[in-house]
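Each remark here refers to the structure printed beneath this line.
Here it is, written out as structure tokens:
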């Protein structure tokens, strides 16, 4: 059977992708960040997952405002890289896994999560920046990937609790697939940040560190954080952190922390990453 | 056509009292729909070129209000948020101008880009004093008139 062996939480700040694409990784501003991701990248290279489930959000690229799905799974063979307004990132297209994605959708809908099915879509920095951080800059991505897009752009995003429960349902869906596959699930976005209005630049490191700690210690507390608390205490865009709770929910009860890294800033964002192995 | 009316006090949501922030909720999304469709169109290189060629004419392709159109042409970033633009779509206007997210965020705070980068490098803006308008009693809707707590802006946010 397929198994979710681990999860990775990571920010997906677009400026990180720009730094990768324009050869700025060794500049003083960026060097500590990429060094901080090195253990996670090494773990990924050693672990060699067969499939990743990428829980991320689209930033008005695949979806405009005609249709706004709360949860959408990409079921295509391949996903092209979006031109977000300054040209597409020069990274390889993403290879999907239509059969496995279709199974996940079917299992999740019967488990009462009403997933939107997307048969054609492009992916933006929300997807590609975590891929670059986890897998570097290969000519082809070494894994197949299933995009799970979450609406966190138009308020309200699904609650943290709903995301956590979705993660649990994803675990069951993966385990009911016949192939022997090692699956790593990503929760992306965050951490504390606000990129709009006079309050832009807000960072709350205390909130972020507690969030990283409680992914292992007390994920139920994280699942109960109300939307308003994210907005007020950690910045309007910190609501993206609910996507980390999909990842955490999919890991089962017990996890082992492999590595973490936290740094301020990347552009307007507090950057965090964590790798958690499932022990259940 | 979208309307630009201020919200009825009876319909205020709890997050409305977060200073310096326009939460992109269902009402704002409704109001901003044509504005965001305009911004979304800037994903295509040929549309970016057409817009820069004749900005007033290009904006007429979309059913924006006169206030939304004026705010686009004058690059009033915070006003655009207030009129229903979502920041990720708004960034496409900044990209079209050859600017970055960081530049746009700095403009919204009233800082120069260097001042903004310096604030971020020192750990960012503390949430203390920025959680609610009760913490910032003299703040206007945008929260920029108060210098209590956080990092005060160097000047008004919209003076380009």
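Chains as they are written, first to last, in my numbering: chain Y, 4 to 283; chain W, 320 to 479.
Each residue gets a CB set at the ideal place from its N, CA and C atoms; glycine is no exception.
At least one beta carbon of chain W lies nearer than 7 Å to the beta carbon of residue 268 of chain Y. With respect to the 7 Å criterion, residue 97 of chain Y and residue 137 of chain Y are not classified as neighbours on the basis of their beta carbons. Residues are counted here when their Cβ sits less than 7 Å from a Cβ of chain Y; for the segment 413 to 425 of chain W these are 414, 415, 420, 421, 424, given in chain order.
For residue 363 of chain W, there is no enclosing alpha helix (DSSP H), since its DSSP letter is neither H nor E.
Between residue 346 of chain W and the set W:330, W:366, W:358, the nearest pair of CA atoms involves W:330. When C-beta distances to chain W are compared with 8 Å, every residue of the segment 120 to 136 of chain Y stays at or above that value.
Between the segment 206 to 226 of chain Y and the segment 65 to 83 of chain Y, the count of C-beta pairs closer than 8 Å stays below three; the two stretches do not touch.
For residue 196 of chain Y, the beta-bridge partners assigned by DSSP are Y:272. Using a CB distance below 9 Å, the part of the segment 229 to 250 of chain Y facing chain W consists of 230, 231, 234, 235, 236, 237, 238, 239, 240, ordered along the chain.
Taking 8 Å as the upper bound for CB-CB distance, residue 267 of chain Y and residue 184 of chain Y are not in contact here, some 36 Å apart. For residue 281 of chain Y, the pairing in a beta bridge is given by DSSP as Y:258. Straight-line spacing of the CA atoms in residue 373 of chain W and residue 415 of chain W works out to 13 Å. Cβ-Cβ distances below 8 Å link residue 249 of chain Y to 58, 151, 153, 166, 167, 169, 170, 173, 188, 190 in the same chain, with the five nearest sequence neighbours on each side left out; the list follows chain order. Interface with chain W (7 Å Cβ-Cβ cutoff): residue 158 of chain Y is included. Residue pairing by DSSP places residue 189 of chain Y opposite Y:11, Y:57 in a beta bridge. Residue 409 of chain W places its beta carbon less than 7 Å from that of residue 399 of chain W. With 16 or more other CB atoms across the displayed protein chains lying within 10 angstroms of its CB, residue 88 of chain Y is buried. Taking a cut-off of 8 Å for Cβ pairs, the segment 213 to 230 of chain Y and the segment 252 to 263 of chain Y touch, as three or more such pairs fall below it. Around the Cβ of residue 4 of chain Y, a 10 Å sphere holds fewer than 16 other Cβ atoms; the residue is exposed. In the DSSP annotation of this structure, the continuous segment of the beta strand (DSSP E) that includes residue 83 of chain Y starts and ends at 81 to 84. The Cβ-Cβ distance between residue 232 of chain Y and residue 155 of chain Y does not fall below 7 Å. Residue 278 of chain Y places its beta carbon less than 7 Å from that of residue 46 of chain Y. Residue 411 of chain W carries a helical assignment under DSSP once its states are collapsed to helix, strand and coil. For the 7 Å CB-CB criterion, residue 455 of chain W and residue 338 of chain W form a contact.
The straight-line gap separating the alpha-carbon atoms of residue 437 of chain W and residue 425 of chain W is approximately 11 Å.
What residue 67 of chain Y touches in chain W, judged by beta-carbon distance under 7 Å, is 356, 359, going in chain order.
Rounded to the nearest whole angstrom, the CA to CA distance from residue 95 of chain Y to residue 175 of chain Y is 31 Å.
Residue state for residue 351 of chain W is assigned as helix, using DSSP reduced to three classes.
Residue contact check for residue 70 of chain Y against chain W: no CB pair falls below 7 Å.
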